[in-house]
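Chemist: After the structure tokens below, expect a handful of questions from me.
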Amino acid sequence: MNQLTRDFKIADDALLQYARVTKGFFVQDIAAFNDFDGEFNSQKVSDLEGWLEYVVTNSDTFVMSEMASYTKAVHAQMEKCRSYYQQLRYFIDKAFKKNPVVYREFHIPQYRQIRRSQLKLIRFMENIVTLVNKYRADFLAVGARANFLDTVIKEAQELKVVEKDQETFKITRLLLTAERIKRLNKIWEFVQSVNRVSAFVFVEDFAKRRPYLLPKPKRMSRRNTILVSPGSKSLVYHEPITSPITYEIRNEGSSALGFYLAPTLASAVPEILTWVQAGETIEFYADVLPDGEPAVLMVLNENPQHDGEFRINPKRS
20 MNQLTRDFKI ADDALLQYAR VTKGFFVQDI AAFNDFDGEF NSQKVSDLEG WLEYVVTNSD
80 TFVMSEMASY TKAVHAQMEK CRSYYQQLRY FIDKAFKKNP VVYREFHIPQ YRQIRRSQLK
140 LIRFMENIVT LVNKYRADFL AVGARANFLD TVIKEAQELK VVEKDQETFK ITRLLLTAER
200 IKRLNKIWEF VQSVNRVSAF VFVEDFAKRR PYLLPKPKRM SRRNTILVSP GSKSLVYHEP
260 ITSPITYEIR NEGSSALGFY LAPTLASAVP EILTWVQAGE TIEFYADVLP DGEPAVLMVL
320 NENPQHDGEF RINPKRS
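So for the sequence shown, my numbering puts the first residue at 20; every next one is plus one.
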């Protein structure tokens, strides 16, 4: 599926600021514009205000904050499931006395690897639900309380629920981003048209036309741009993250880039990434991993043909 791209080369915030200023001058000069072209009327102002309101309401910061809240809920539920599993492990040992067949059913030998992965832990807890029901009588026989077993099942099922909510919002985020870019392009189309017509309206008055001139994109030195090879992942900083930090990331290339936190460079790419589309600028909040270990910031370029390019500015809080 083709990705929606921005029709402009300036930062989103710069476009919004310029559009607001342009709107103010356009409202003052609307009669002169309307005398030249009847389509330049109050409806254009209303349309612009609607696009501006939508873009501000559904800003990248808002969407990322919402995504972070869903991720936080999943991590919290994962921690609860780990805790209840450790309690259940006591009764597994008590009931089956290290029976290798039962231990393999519960994937006990693989648990240290499983506990770190969201997807693996969800599947693991789904299996726990099945096995708690299967061995309920054995657990009850060694002193486990029925309400405890019911709680283990309930928390495992809740993990699946919050994970589904997270996945649903990931799709919603893509739709919101696409709609936001559509409206940003509409705003750019408006300021372009006003700039074009102002050349005729104020043909003999450059001072009146000056506010409608389009802003020029800032040219960045290649030295300030980080490249990511086609179809690869890369370490952004060698220094691990040991305390909360916010990064401002600007995608300068034509390929979407996915950013994520991992224990090491060799770690597998997780299911959850923060995608930054071409021309997009976001704020990326980073902290230590859920288990308290330091993290490294990674970037993934899935495009098999083109380099990824981005700029990053760390802003410690």
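Built from N, CA and C at the ideal position, the CB exists for glycine as well.
For Asn60 and Phe209, I'd like the C-alpha separation in whole angstroms.
Modeler: Taking the first residue of the sequence shown as 1, we reach residue 60 at position 41. Taking the first residue of the sequence shown as 1, we reach residue 209 at position 190. Computed Cα separation, rounded: 12 Å.
Chemist: Going along the chain, which residues of its own chain have a beta-carbon closer than 8 Å to the beta-carbon of Met20, five neighbours each way excluded?
Modeler: As a working mapping, residue 20 is identified with position 1 in the sequence shown. Only weak support exists for where Met20 lies, its pLDDT of 38 falling under 50; the value from the coordinates is given anyway. Here the set comprises nothing.
Chemist: Return the Cβ separation of Phe81 and Tyr231 in integer angstroms, given the expectation that the two are a contact with Cβ distance under 8 Å.
Modeler: Position 62 of the sequence shown, counting from 1, holds the residue named residue 81. Position 212 of the sequence shown, counting from 1, holds the residue named residue 231. Not really, about 30 Å apart at Cβ, beyond 8 Å.
Chemist: Return yes when the Cβ of Tyr304 is within less than 8 Å of the Cβ of Ala87, no when it is not.
Modeler: Stepping through the sequence shown from its first residue, residue 87 is reached at position 68. Stepping through the sequence shown from its first residue, residue 304 is reached at position 285. Yes. Within cutoff.
Chemist: With distances taken between CB atoms, is the gap from Ala163 to Phe125 smaller than 8 Å?
Modeler: In the sequence shown, residue 163 corresponds to position 144, counting from 1. In the sequence shown, residue 125 corresponds to position 106, counting from 1. Going by C-beta atoms, Ala163 is not nearer than 8 Å to Phe125.
Chemist: Could you tell me if Met239 is buried or exposed, where buried requires 16 or more neighbouring beta carbons within 10 angstroms of its beta carbon?
Modeler: Working through the sequence shown from its first residue, we reach residue 239 at position 220. Low confidence applies here, because Met239 scores a pLDDT of 46, under 50, leaving its location unreliable; read the following figure in that light. Exposed, because fewer than 16 other Cβ atoms sit within 10 Å of the Cβ of Met239.
Chemist: How many whole angstroms separate the CB atoms of Phe329 and Ile264, which I take to be in contact at a CB cut-off of 8 Å?
Modeler: Numbered from 1 along the sequence shown, position 310 holds the residue referred to as residue 329. Numbered from 1 along the sequence shown, position 245 holds the residue referred to as residue 264. About 17 Å; that fails the 8 Å criterion.
Chemist: Among Leu316, Glu186, Lys201, which one has its Cα closest to the Cα of Asn332?
Modeler: Here residue 332 is taken as the residue at index 313 of the sequence shown, counted from 1. Ranking Leu316, Glu186, Lys201 by Cα distance to Asn332 puts Leu316 first.
Chemist: At the level of alpha carbons, what is the spacing between Leu203 and Ile190?
Modeler: For the purposes of this step, residue 203 is taken as the residue at position 184 of the sequence shown. For the purposes of this step, residue 190 is taken as the residue at position 171 of the sequence shown. So the two alpha carbons sit approximately 20 Å from each other.
Chemist: What's the gap between the Cα of Lys117 and the Cα of Tyr73?
Modeler: By 1-based counting over the sequence shown, the position of residue 117 is 98. By 1-based counting over the sequence shown, the position of residue 73 is 54. Approximately 59 Å, taken between the alpha carbons.
Chemist: Where does Lys334 fall in DSSP's three states?
Modeler: In the sequence shown, the residue the question calls residue 334 occupies position 315. Correct three-state label for Lys334: strand.
Chemist: Give the single residue among Tyr154, Ile200, Arg135 whose Cα lies nearest to the Cα of Val75.
Modeler: For this step, residue 75 is matched to residue 56 along the sequence shown. Closest by alpha carbon: Ile200.
Chemist: In this structure, how does DSSP classify Ser65 when only helix, strand and coil are distinguished?
Modeler: Your numbering for residue 65 matches position 46 in the sequence shown. In the structure shown, Ser65 sits in a helix (DSSP, three-state: H, G or I).
Chemist: Look up Ser274 in the DSSP assignment and give the residues it is bridged to.
Modeler: Position 255 of the sequence shown, counted from the start, is the residue given in the question as residue 274. BP columns for Ser274 are empty, so no partner.
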